[in-house]
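Here the structure comes first, spelled out in structure tokens, and everything after it is commentary.
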Amino acid sequence: MYWKSRVEYMKHICLFSGGAGSAYMSYLIAREYPNDTILLYNNPKAEHPDAERFRNQIAKYIGLPITEVSDGRDLWELIDDNHCLPSAFIPFCSRILKQEPTEKYYAEMDENFTIYIGYGPDEGRRIQKQTARIEHAHRKVKYPLFEAQITNEEVKNIIKNEWKICLPEPYKYLKHNNCIPCFKGGLSHFKRVWRYYPEYFQLAIDKEKQIGNTVFKEQSLENYAKDWQKELDNNVDLFSEEELDDTVPCMCAL
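So the number in this note's numbering is just where the residue sits in the sequence shown, counting from 1, plus 2.
Written out as structure tokens, the structure reads:
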């Protein structure tokens, strides 16, 4: 009787989000392994609606289906259940909505696999941390864009000009196509959300009041909004060149 060894099989799991980096990274891997590539997506149910349009167009261009593994709750339900606001210091949103469903998927895999993440050339420190975490679990991870030194701007130009696919709307105003707002983001990120996505900003204000805590220790989002409105009324430049969106991207939201 002949038994096929598990070593003969290898799946290539691309952490696939609504971001340009993960889109192009997934394309590169699918081109090399067309029959063994998985586009793995976690739905936090708090992204801009245009993220879904972009994701579906990219998957169609690549020629592969999207495999979704999700917690099922949205960001706001998660805050309710944890009676706490997430932050860069307590990022339970990323852990519960992305990392835990992904880990469960890995555990159920029958084949050997390699994980691919779309971090770019300027994210060496994040790669070190992510690699340590993944290799500690005895898994293999690669960063094709970092290894090839393909920048985010190059990726966006390819998608827009060669693939003729419009980037998600949030890229007009925000650095990443994460949840809106991303509670791991800094004050500049929240200012941009206030300016361009006021309905999402109001949801964050409501949660501050409900939880009885604030995103930033200095003052509430509601008070920041009053300050920013005064600046706007006085024709103050809200977003200087130095004041870039300071969001910390999730593990596959690039």
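Glycine included, each C-beta is placed from N, C-alpha and C at the ideal position. This structure is a prediction, so every number in the text was calculated from the model and none was measured.
For residue i, count neighbouring C-beta atoms within 10 Å of its own C-beta (all shown protein chains included) and say buried if the count is 16 or more, exposed if not.
i	result
F91	exposed
N237	exposed
Y11	exposed
K166	exposed
T104	buried
G126	exposed
H85	exposed
P183	buried
A139	exposed
L176	buried
A109	exposed
A61	buried
A150	exposed
K6	Any reading at K6 must be qualified, since the residue scores a pLDDT of 40, below 50, and its modelled position is unreliable; no value is offered.
Please list, in chain order, all residues of the same chain as residue i whose beta carbon is under 6 Å from its beta carbon, the five residues on each side excluded.
i	result
D52	P170, E171
T216	E210, S222
G120	G23, S24, M27, L147, L256
G214	none
N179	G20, G21, A53, P170, P172
P46	L77, L99, C181
Let me make sure I understand the geometry here. Which of the options has the alpha-carbon closest to that of residue i?
i	options	result
E210	E70, P46, K62, L87	L87
N225	K193, D239, Y202, Q212	K193
G65	Y29, K228, C184	Y29
A25	E220, P200, E113, N159	N159
P123	N179, G214, R75, E156	E156
A227	P67, W196, I182, N45	W196
L80	R97, V71, E149	R97
Y173	Y199, K186, E164, Q151	Y199
L41	E49, N58, A48, K47	N58
P36	C181, P67, K106, A134	P67
K219	G188, D208, Q231, K232	G188
A48	E70, L99, W230, K62	L99
H50	Q231, F203, D235	F203
M111	K131, D83, R141	R141
R75	A61, I207, T69, F94	F94
D208	K131, D235, D82	D82
Taking residue i and residue j to be in contact with their CB atoms under 8 Å, please state how far apart those CB atoms are, rounded to whole angstroms.
i	j	result
G20	F56	6 Å
S72	N44	5 Å
L77	C181	5 Å
S89	K232	That belief does not hold up - the Cβ atoms of S89 and K232 are roughly 26 Å apart, past 8 Å.
Closer than 7 Å by C-beta to residue i: which residues in its own chain qualify, once you throw out the five before and the five after it? Chain order, please.
i	result
I136	I117, V143
P146	M27, L30, I31, Y118
Y38	The residue you asked about is not Tyr; residue 38 is Asp in the sequence shown. Closer than 7 Å at Cβ, skipping near neighbours: M12, K13, H14.
T133	V143
I129	Y121, Y145, F148
W230	K193, W196, L240
Y63	W165, I167
T153	G122, P123
L205	W78
Excluding the 5 residues preceding and the 5 following residue i in the sequence, name in chain order all residues of the same chain whose CB lies nearer than 8 Å to its CB.
i	result
K162	C168, L169
K106	V71
E54	G20
E201	none
E102	D73
Runs of beta strand (DSSP E) wholly within the stretch 96 to 163 (minimum 3 residues, chain order) | 114 to 118, 142 to 144
Mind listing, in chain order, the continuous beta strand (DSSP E) runs of no fewer than 3 residues lying wholly within the stretch 25 to 66?
-> 39 to 43
Secondary structure, alpha helix (DSSP H): runs of 4+ residues fully inside the stretch 167 to 232 = 189 to 198, 200 to 213
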